[in-house]
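Residues in the sequence shown are numbered consecutively from 474, following the numbering used here. One structure below.
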Amino acid sequence: MKRITICLKNQILSDLDAIIRERGYKSRSQAISDFLKRAALRKKWRENKKCAGVVSIVYLSGNAGISSEMERMFLRYSKNIVNINESFLENKHFVFIFLKGYPSELEKIADMFKGIKKIDAGNFSILTAF
474 MKRITICLKN QILSDLDAII RERGYKSRSQ AISDFLKRAA LRKKWRENKK CAGVVSIVYL
534 SGNAGISSEM ERMFLRYSKN IVNINESFLE NKHFVFIFLK GYPSELEKIA DMFKGIKKID
594 AGNFSILTAF
């Protein structure tokens, strides 16, 4: 680990401290390190490096139409799907689809899953590049 020194304007430092409190970072170093990791990941994303990510889907349980459409898509994109995790909370069905591949194909796959009719909410996050 290397130590560096940075200079920040007072307002930026105040904003950083507010973010640290909101997100629960233990130190400025931890927050800045996290910001830099995210920036490096976005750079790799733009350079079209292989990535891993997760699509999160939420829908009302008992909707057979969504389940059958998702199964069809699981088969269609099986080369990119690493794992599928399903959970239930009250009357909601949560599906987490872990993906690998190039950024453009992962975005397309995520959009296809999030675009299924009657999906209540969907999100896509890149977790790492390799």
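Beta carbons are placed, not taken as given, at the ideal position from N, Cα and C, and that holds for glycine.
Work out the CA separation of Ile589 and Val555 for me, nearest whole Å.
20 Å
Where the alpha helix (DSSP H) through Glu559 begins and ends:
Run containing Glu559: none in the alpha helix (DSSP H); it sits in the beta strand (DSSP E), Ile554 to Leu562.
So Ser500 is in the beta strand (DSSP E); what residue range does that whole segment cover?
Ser500 -> no beta strand (DSSP E), and no H or E assigned at all.
Report, in whole angstroms, the separation of the C-beta atoms of Ile539 and Tyr532, which I expect to be a contact under 8 Å.
5 Å
Strand pairing of Leu514, partner residues [DSSP]:
Answer is none; Leu514 lacks a bridge partner.
Leaving out five residues before and five after Asn553 in sequence, what residues of the same chain have Cβ atoms less than 8 Å from its Cβ?
Leu572, Lys573, Gly574, Glu578, Leu579 and Ile582
Residues near Pro529 in its chain [Cβ-Cβ closer than 6 Å; skip 5 each side]
Residue identity check: residue 529 is Ser in the sequence provided, not Pro. Hits under 6 Å: Phe569 and Asn596.
So what does DSSP say about Ser529, is it helix, strand or coil?
strand
Suppose contacts are defined by Cβ-Cβ distances below 8 Å. Is Phe603 in contact with Lys523 by that definition?
yes
Based on the DSSP secondary-structure assignment, which residues constitute the bridge partners of Thr478?
Looking at the DSSP assignment, Thr478 forms no beta bridge with any residue, so it has no partner.
On the premise that Leu514 lies in contact with Thr601, defined as a C-beta separation below 8 Å, what is that separation, rounded to the nearest angstrom?
7 Å
Short of 6 Å in beta carbon distance, which residues of its chain neighbour Lys517, apart from the five on each side in sequence? Order them along the chain.
Ala602
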